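Novice:
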Amino acid sequence: MKMKIAIVSTMLASMFISQQAMAQGSAQHSGQAVGHSALAAGHSAVGSAKLTSAAVAVPLLVVGTVGVASAEAGKSLLKAANRPIGEPLEVSDEILTVGPSPDRALR
Amino acid sequence: MKLKFIHGMTVTMMILGLAATAEAGSAANAEPQFNAEEIVSFSKKVEKTVASKGARVFILARVGRPANELPEGIHFTHTAIGVYSMIKTADGRDVPGYAIYNLYQRDNKPDMSDLVVDYPVDFFAGVFQLKAGVVIPKPEVQQRLLQVIASNTYKELHNPSYSVIANPYNSKFQNCTEHTLDVINAAIYQTNDVKVIKSNTRAYFDAQKVHVSPLKLLAGSIFMPDVKTSDQKRGIETSTYTTIAGYLNKYDLVQEQLVITQ
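Chains as they are written, first to last, in the working numbering: chain A, 1 to 107; chain B, 1 to 262.
#1: Using a Cβ-Cβ cutoff of less than 6 Å, which residues in the same chain neighbour B:PHE205 once the five nearest sequence positions on both sides are dropped?
#2: Thinking B:PHE58 and B:ILE136 are a contact (beta carbons under 8 Å), I'd like their distance in whole angstroms, please.
#3: Flag this pair as yes or no: are the beta carbons of B:PHE128 and B:GLN262 separated by less than 8 Å?
#4: Name, going along the chain, the residues of the region 131-149 of chain B whose beta-carbon falls closer than 8 Å to a beta-carbon of chain A.
#5: What does the alpha-carbon distance come out to for the pair B:LEU215 and B:HIS158?
#6: Can you tell me the Cα-Cα spacing of B:ASP226 and A:GLU90, whole angstroms?
#7: By the 10 Å Cβ neighbour count, where 16 or more other Cβ atoms means buried, how is B:HIS179 classified, buried or exposed?
#8: In this structure, does DSSP put A:PRO88 in helix, strand or coil?
#9: Distance, Cα to Cα, B:VAL63 vs B:GLY126?
#10: Below 8 Å, how does it come out for the region 219-236 of chain B and the region 177-197 of chain B: are there three or more Cβ pairs, yes or no?
#11: If you draw a straight line from the C-alpha of B:ILE286 to the C-alpha of A:ALA57, how long is it?
#12: So which residues on chain A does B:SER85 lean against when the C-beta distance must stay under 8 Å?
#13: Could you check the C-alpha separation between B:ILE164 and B:GLY82 for me, to the nearest Å?
#14: On the DSSP letters alone, give me the boundaries of the alpha helix (DSSP H) that B:VAL263 sits inside.
#15: B:ASN102 lies in the beta strand (DSSP E); which residues open and close that run?
#16: If you follow the beta strand (DSSP E) that B:GLY82 is part of, which residue opens it and which one closes it?
#17: Quick one: residues in its chain with C-beta nearer than 6 Å to the C-beta of B:ALA61, no 5 flanking neighbours on either side, listed in chain order?
#18: Please classify A:PRO88 as buried or exposed, where buried requires at least 16 neighbouring CB atoms within 10 angstroms.
#19: Considering only residues of the same chain and omitting the five flanking positions on each side of B:THR153, which have a CB-CB separation below 7 Å?
#20: Mapping the DSSP letters down to three states, classify B:ILE74 as helix, strand or coil.
#21: Consult DSSP for B:ARG62 and reduce its assignment to one of helix, strand or coil.
#22: Would you give the residue range spanned by the alpha helix (DSSP H) that B:PRO168 belongs to?
#23: Where does B:LYS288 fall in DSSP's three states?
#24: In the structure shown, what three-state DSSP assignment does B:LYS48 receive?
#25: Check the Cβ-Cβ distances between A:VAL98 and every residue of chain B, and say whether any is below 8 Å.
Take a look at the structure:
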């Protein structure tokens with residue numbers, strides 16, 4: 001009986017290891033790996049790009065929808081909010097990244 | 001004694017094997033496959049490509065496992081929504097860029113999830129291929145998506161009970177693609193009523209059938225907290241980036257669909 005259990009579980013184990021079928025996970029890739037290597041490689045810079053910590057992102061809504069970008073957003077952002085969807089948009093050359101998760105920040 | 005040891009080892013191997021399987025989007029501590037410069041360069045390429053096309057909102061997918069380990073019909077392992085945003089930096093400046101709205105499994109409790117906003121370089125860190133799936137919806141859909149994302153509905157649609165193979169036709173469990181699909185249908189139908197969203201999903205959305213042996217499934221549901229089958233009725237059906245793209249294409253809601261590589 002024990003032998004049967006061992007054989008069945010060995011077969012199952014080899015099946016699981018040889019096939020990776022349920023490939024839908026969304027475990028978080030930490031930005032820390034990139035951040036740390038970037039810091040190690042070039043003191044807050046990767047090549048010519050600057051690595052910047054982002055505090056908060058606010059969707060830039062289109063004029064005519066609720067909660068349009070406020071005047072505080074600055075002229076260029078207000079201009080972007082006024083553009084019809086589909087016109088090319090400006091993006092910063094800075095490399096924005098989130099900070100570490102709270103548990104990692106304590107390590 | 002020897003048998004007990006072998007049995008114990010095989011059970012451990014089973015759990016390890018399934019863990020590798022289920023963490024298909026790659027674990028938080030996964031060894032990076034590409035160096036930092038490659039990740040930064042690729043993520044900026046994706047950002048600039050969608051910006052050049054004027055996308056305010058787009059569906060974004062990444063490959064978190066080696067291609068030869070992905071089951072038939074699944075080409076990407078994690079799906080999220082990119083939103084053109086005003087990003088306030090830690091030093092107080094406002095800069096334009098894309099924020100990525102994700103549903104991520106918790107590191108220490110994989111059967112639960114959180115909504116997390118991050119940025120392209122975070123999104124692509126640890127991928128197995130420098131490849132991004134992008135669907136830019138038509139402007140009217142983008143506008144409606146923006147309204148949902150800026151409202152409480154985006155958070156209200158989150159079900160933290162996670163299953164890697166969640167059935168998109170009901171609300172028992174949810175994964176990253178199902179939350180994305182729920183947000184899309186909330187936008188299309190301009191509703192926050194989950195019953196309406198699921199009713200329309202059942203009527204119009206074609207899920208991906210996942211072919212997994214019953215034995216493997218049984219063991220998975222026993223040993224892996226994020227593999228659940230109690231929400232499934234006709235085999236295993238789940239939502240994927242490809243089926244979401246197919247759904248939007250079928251009803252002529254796509255402005256442009258592209259795959260961006262290095």
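For each residue, glycine too, the CB sits at the ideal point set by N, CA and C.
Since we're looking at a predicted model, the values are computed, not measured.
Specialist: On the basis of the supplied data:
#1: Looking up residue 205 of chain B in the second sequence gives position 205. Result list for B:PHE205: TYR247, in chain order.
#2: By 1-based counting over the second sequence, the position of residue 58 of chain B is 58. By 1-based counting over the second sequence, the position of residue 136 of chain B is 136. 5 Å between Cβ atoms; contact.
#3: Here residue 128 of chain B refers to the residue found at position 128 when the second sequence is read from its first residue. Here residue 262 of chain B refers to the residue found at position 262 when the second sequence is read from its first residue. Result no, Cβ atoms of B:PHE128 and B:GLN262 do not sit closer than 8 Å.
#4: PRO139, GLN142, GLN143, LEU146, GLN147, ILE149
#5: Taking the second sequence and counting its residues from 1, the one referred to as residue 215 of chain B is at position 215. Taking the second sequence and counting its residues from 1, the one referred to as residue 158 of chain B is at position 158. C-alpha separation (whole angstroms): 31 Å.
#6: The residue you call residue 226 of chain B lines up with position 226 of the second sequence. The residue you call residue 90 of chain A lines up with position 90 of the first sequence. Answer to the nearest angstrom: the Cα atoms are 40 Å apart.
#7: Taking the first residue of the second sequence as 1, we reach residue 179 of chain B at position 179. Buried: at least 16 other Cβ atoms inside 10 Å.
#8: Translated into positions along the first sequence, residue 88 of chain A becomes position 88. In this structure, A:PRO88 counts as coil in the three-state DSSP scheme.
#9: As a first step, residue 63 of chain B must be located in the second sequence, where it is residue number 63. As a first step, residue 126 of chain B must be located in the second sequence, where it is residue number 126. Their backbone Cα atoms lie some 9 Å apart in a straight line.
#10: no
#11: Because chain B here runs from 1 to 262, residue 286 of chain B falls outside it and cannot be looked at.
#12: Locating residue 85 of chain B in the second sequence gives position 85, where the first residue counts as 1. Going along chain A in sequence order, the residues near B:SER85 (Cβ under 8 Å) are ALA57, VAL58, PRO59, LEU60.
#13: Here residue 164 of chain B refers to the residue found at position 164 of the second sequence. Here residue 82 of chain B refers to the residue found at position 82 of the second sequence. A quick correction: the sequence has Val, not Ile, at residue 164 of chain B. Answer to the nearest angstrom: the Cα atoms are 22 Å apart.
#14: What the structure shows of chain B is the stretch from 1 to 262, and residue 263 of chain B is not part of that stretch, so it cannot be assessed.
#15: Translated into positions along the second sequence, residue 102 of chain B becomes position 102. Looking at the DSSP string, the run of the beta strand (DSSP E) that includes B:ASN102 is 94-105.
#16: Sequence index remark: in the second sequence, residue 82 of chain B carries index 82 (1-based). Taken as a continuous stretch (DSSP letters only), the beta strand (DSSP E) holding B:GLY82 covers 78-89.
#17: Within the second sequence, the letter at position 61 stands for residue 61 of chain B. Around B:ALA61: PHE76, THR79, GLY133, TYR241.
#18: Locating residue 88 of chain A in the first sequence gives position 88, counting from the first residue. A:PRO88 comes out exposed.
#19: Locating residue 153 of chain B in the second sequence gives position 153, counting from the first residue. Hits under 7 Å: ALA186, ASN192.
#20: Numbered from 1 along the second sequence, position 74 holds the residue referred to as residue 74 of chain B. Here B:ILE74 sits in coil by DSSP.
#21: In the second sequence, counting from the first residue as 1, residue 62 of chain B sits at position 62. Strand at B:ARG62.
#22: As a first step, residue 168 of chain B must be located in the second sequence, where it is residue number 168. Per DSSP, B:PRO168 belongs to no alpha helix (DSSP H) and is neither H nor E.
#23: Any property of residue 288 of chain B remains undetermined from this structure, which presents chain B solely from 1 to 262.
#24: For the purposes of this step, residue 48 of chain B is identified with residue 48 of the second sequence, where counting begins at 1. Here B:LYS48 sits in helix by DSSP.
#25: Residue 98 of chain A sits at position 98 when you count from the first residue of the first sequence. Interface residue, yes.
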